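Input: a single structure, listed below in structure tokens.
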Amino acid sequence: MSGGQVLQLVADVPLPGPAVRFDYQSLDAENGRLYIAHMNADQLVVFDTQKRQVIANLDGFKRVHGVLAVPAINRIFASVTGEHQMAAVDMKSLKTIAMVGPINYPDGLAYAPETKRVFVSDEHGGVDAAVDAETNKLLTSIPLGGGAGNTVYDPGSGHIFVAVHSVNELVAIDPAAMKIIGRYALPGIENPHGIGLDVANRLAFIAGEENHSLAVFDLKSMKLLSVHPVGDDPDVLAFDPGLKRLYVSAESGTVTVFQENDRDLRLLGQFNVPHAHTVSVDPKTHLVYFPLENVQGRPLLRIMQPATPR
1 MSGGQVLQLV ADVPLPGPAV RFDYQSLDAE NGRLYIAHMN ADQLVVFDTQ
51 KRQVIANLDG FKRVHGVLAV PAINRIFASV TGEHQMAAVD MKSLKTIAMV
101 GPINYPDGLA YAPETKRVFV SDEHGGVDAA VDAETNKLLT SIPLGGGAGN
151 TVYDPGSGHI FVAVHSVNEL VAIDPAAMKI IGRYALPGIE NPHGIGLDVA
201 NRLAFIAGEE NHSLAVFDLK SMKLLSVHPV GDDPDVLAFD PGLKRLYVSA
251 ESGTVTVFQE NDRDLRLLGQ FNVPHAHTVS VDPKTHLVYF PLENVQGRPL
301 LRIMQPATPR
């Protein structure tokens with residue numbers, strides 16, 4: 001199925017910097033800001049989703065992987081992987097106020113509001129690092145027993161979840177105790193990495209990057225419900241809670257779109273966009289964002305929307 005039957009193009013907006021790899025994004029829907037990690041440019045791009053223009057391009061984020069906007073505390077957190085640290089950035093001034101580490105290979109980021117702690121998945125170090133967001137101090141590193149995939153905060157349980165490579169598990173962490181409180185097998189998933197949540201319906205979606213697979217996991221029974229094929233080397237997931245749509249982007253450039261129905265997923269379509277391994281969605285407008293590293297020699301942000309049924 002072609003992309004035009006699932007998503008339709010809204011705009012291609014030029015992005016600054018060289019035509020090199022992007023990684024995670026974080027959407028602050030409340031303030032209309034999209035933060036994009038331009039990994040191989042060592043830059044953090046700040047995009048105004050209402051004006052559809054770049055308002056800042058921040059230097060000094062060596063091999064930036066993860067980015068997380070937390071408007072409640074006026075902070076942006078970024079995984080400065082090339083420096084083995086996490087950056088804390090003031091959301092208003094866009095100035096870096098602290099660098100926290102050492103963290104071997106910081107990747108994904110999650111914020112637990114009750115404890116005001118940031119959890120950083122250390123992919124190569126095999127731990128989840130806990131950082132105090134008020135003092136900007138590294139508190140501890142929690143051994144996972146395998147490489148750390150993405151890390152997310154679940155408002156429904158108040159827990160941090162981490163996808164753990166090699167052991168093929170979803171691990172639950174109590175952010176107050178900073179200890180693992182559960183390990184859950186993911187049969188049929190090899191090297192789980194990306195995680196998306198349907199908080200209201202108590203579901204997690206977990207991508208297996210080694211076997212182009214996607215798990216639907218029940219956060220009530222803590223059991224795997226089903227496994228679905230996706231593109232080769234799936235990376236970033238984005239869930240639209242209003243439309244109940246899940247977008248799975250892959251390193252191969254394959255984007256897979258699912259409709260959630262009855263605690264399972266129905267394939268809506270699949271299409272290819274070069275280097276579309278990262279995706280985000282605005283829950284208010286339902287617009288979908290793909291930063292693309294090289295389109296005719298330049299980086300751009302492709303903005304799409306769900307296609308109108310014919």
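Quick note on my numbering: the sequence shown kicks off at 1 and runs consecutively. All C-beta atoms, glycine included, are put in the ideal place defined by N, C-alpha and C. Please read all numbers here as calculations on a predicted model, not as lab measurements.
Nonlocal neighbours in the same chain, by C-beta distance under 8 Å from residue i, ignoring five residues either side
i      : result
Asp232 : His212, Ala250, Glu251, Ser252, Thr254
Asp122 : Ile103, Asn104, Tyr105, Pro106, Asp107, Asp128, Ala129, Ser141, Ala148
Assigned exposure category for residue i - 16 Cβ within 10 Å defines buried
i      : result
Gly4   : Because the pLDDT at Gly4 is just 49, under 50, the model does not fix this residue reliably, and the value given afterwards should be weighed accordingly. Exposed: under 16 other Cβ atoms inside 10 Å.
Leu243 : exposed
Thr81  : buried
Glu114 : exposed
Ala88  : buried
Gln53  : exposed
Arg266 : exposed
Leu234 : Looking at the sequence shown, residue 234 is not Leu but Pro. Pro234 comes out buried.
Leu94  : exposed
Asp264 : exposed
Asn74  : exposed
Ala41  : buried
Glu134 : exposed
Ser26  : buried
Sub-8 Å separation of residue i and residue j beta-carbons
i      : j      : result
Val162 : Gly147 : no
Ala19  : Arg302 : no
Ala112 : Tyr153 : yes
Val288 : Val281 : yes
Leu34  : Thr49  : yes
Leu225 : Arg202 : no
Gly160 : Phe119 : In the sequence as presented, Gly is not what sits at residue 160; that position holds Ile. Yes. Within cutoff.
Gln85  : Ala307 : no
Val171 : Val236 : no
Cβ neighbours of residue i in the same chain (closer than 7 Å, five flanking residues each side left out)
i      : result
Ala200 : Pro241
Leu336 : The structure shown does not extend to residue 336, since the chain is modelled only from 1 through 310, so no value can be given for it.
Val10  : Leu287, Ile303, Met304, Gln305
Glu169 : Arg183, Tyr184, Ala185, Leu186
Asn31  : Pro71
Cβ shell of residue i (< 6 Å), same chain only, five flanking positions each side left out
i      : result
Asp90  : Ile97
Asp174 : Ile181
His38  : Gly17, Phe22, Val45
Val227 : Gly188, Ser213, Ala215
Phe312 : In the structure as shown, the chain begins at 1 and stops at 310. Residue 312 is therefore absent and cannot be evaluated.
Ala238 : Tyr247, Val279, Ser280, Val281
Distance cut-off 7 Å: residue i Cβ against heavy atoms of the ligand PLP
i      : result
Ile142 : For the structure depicted, the ligand PLP is absent and the ligand set is empty, with no information on it obtainable.
Just checking, does the region 42-61 make contact with the region 102-116 on the three C-beta pairs under 8 Å criterion? no
Enumerated in chain order, which unbroken segments of the beta strand (DSSP E) with a length of 3 residues or greater are wholly contained in the region 150-192? 159-164, 169-174, 179-185
Of all the beta strand (DSSP E) runs that stay within the bounds of the region 31-96, which reach a length of 3 or more residues? 33-38, 43-48, 53-59, 64-70, 75-80, 85-90
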